[in-house]
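Participant: Counting from 1 along the sequence shown, just add 67 to a position and that's the residue number in the working numbering.
For reference, the structure I am asking about is given below.
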Amino acid sequence: MQRPLFAHLATVRPDGAPQATPMWFLWDPDSQEIKLTHTKERYNYRNLQHEPRISLSITDPDNAYRYLSMRGVVERIEDDPEGDFYNLLSRRYRGHPIEVKDKAVRVILHVTPTAWRERAG
């Protein structure tokens, strides 16, 4: 989880249908949580207002049989009004910060894992 891999975040829509989205993420070993960036204007954010439980999967692009599958709960949603966390992830994934045009509605999702399974491939 130290490499800049994409995580697929699955949430549950109010009608019960699942929705999955590829996301940047950061594992915080100190707090034992996964942090993701999002905005208040997207479907996943609205889904989390309805149902905070999520599923997340990460696949190693070098070996598709090596993966991590996790269930968790969004315990906290923190405003990121300057887009600082977004840019931290931008440096991790792109190698440099970028202009955050939607910073006024940016949030940080704090996910506490409740169960996970990994496969070494």
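Glycine is no exception: its CB is placed at the ideal position from the N, C-alpha and C atoms.
If you're wondering where the values come from, they're calculated on a predicted model, not measured in any experiment.
Which residue's Cα is closest to the Cα of Thr-181: Leu-72, Thr-106, Pro-119, Phe-92?
Facilitator: Pro-119
Participant: On the three-state DSSP scale, how would you describe Gln-116?
Facilitator: Three-state DSSP puts Gln-116 in a helix.
Participant: Please go through the same chain and pick out, in chain order, the residues whose beta-carbon is closer than 6 Å to the beta-carbon of Leu-103, but skip the five residues on each side of it.
Facilitator: The residues are Met-90, Phe-92, Leu-176.
Participant: Identify which residue in Gly-83, Ser-136, Tyr-132 has its Cα closest to the Cα of Asn-111.
Facilitator: Answer by Cα proximity: Gly-83.
Participant: My understanding is that Leu-123 touches Ala-187, with C-beta atoms under 8 Å, so please give their C-beta distance in whole angstroms.
Facilitator: The C-beta distance from Leu-123 to Ala-187 rounds to 18 Å, too long to fall under 8 Å, and the pair is not in contact.
Participant: Let's test the definition: count the other Cβ atoms within 10 Å of the Cβ of Glu-166 and tell me whether it reaches 16, buried, or not, exposed.
Facilitator: exposed
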